[in-house]
Amino acid sequence: MLRKYVAGGAINLVHKVQLLDAEMMKRTSQNSDKVLQKYKAAIVSATRSGFLQDAALSNYLCAQYCQTNSKLESYHEMYMVKSRDQFLSWGASEVAKSLCERYPNVFSKMKSLRPRRSSSSVHSI
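So for the sequence shown, this note's numbering puts the first residue at 515; every next one is plus one.
This is the structure:
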């Protein structure tokens, strides 16, 4: 159904279709690089369109996938930090705090809940 809307010009749904594709593909595909590319596409589309909450969710789900895949495990922390930063930028400080509490091994070396500076800021697009 979403694909129908996107085909009809609803470009604000593209990132959601990409995220759903990544989630479905992770359950069926043996090619972790292709799954990661689907997540990256969803993250980029959501960020460029200004949907920080969806970019944050996409980063979080990608981090989860990387954590469970030995080939991609080294990316887990990067995507988790991006997720937290985007939730903070969106104003969801309680969600960001929850991530810090659930993943202390990722966030214990950071001192504050302030987002880390990123070169891929929505404002620079």
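Beta carbons are placed, not taken as given, at the ideal position from N, Cα and C, and that holds for glycine.
In the three-state reduction of the DSSP assignment, residue 610 falls in the helix class. Residue range 590 to 604 is occupied by the alpha helix (DSSP H) that includes residue 591. Of the candidates 569, 567, 566 and 593, 593 places its Cα closest to the Cα of residue 579.
Between residue 570 and residue 609, the C-beta spacing is below 9 Å.
For residue 574, the enclosing alpha helix (DSSP H) covers residues 566 to 582.
Linking residue 544 to residue 621 through their CA atoms gives a straight-line distance of about 30 Å.
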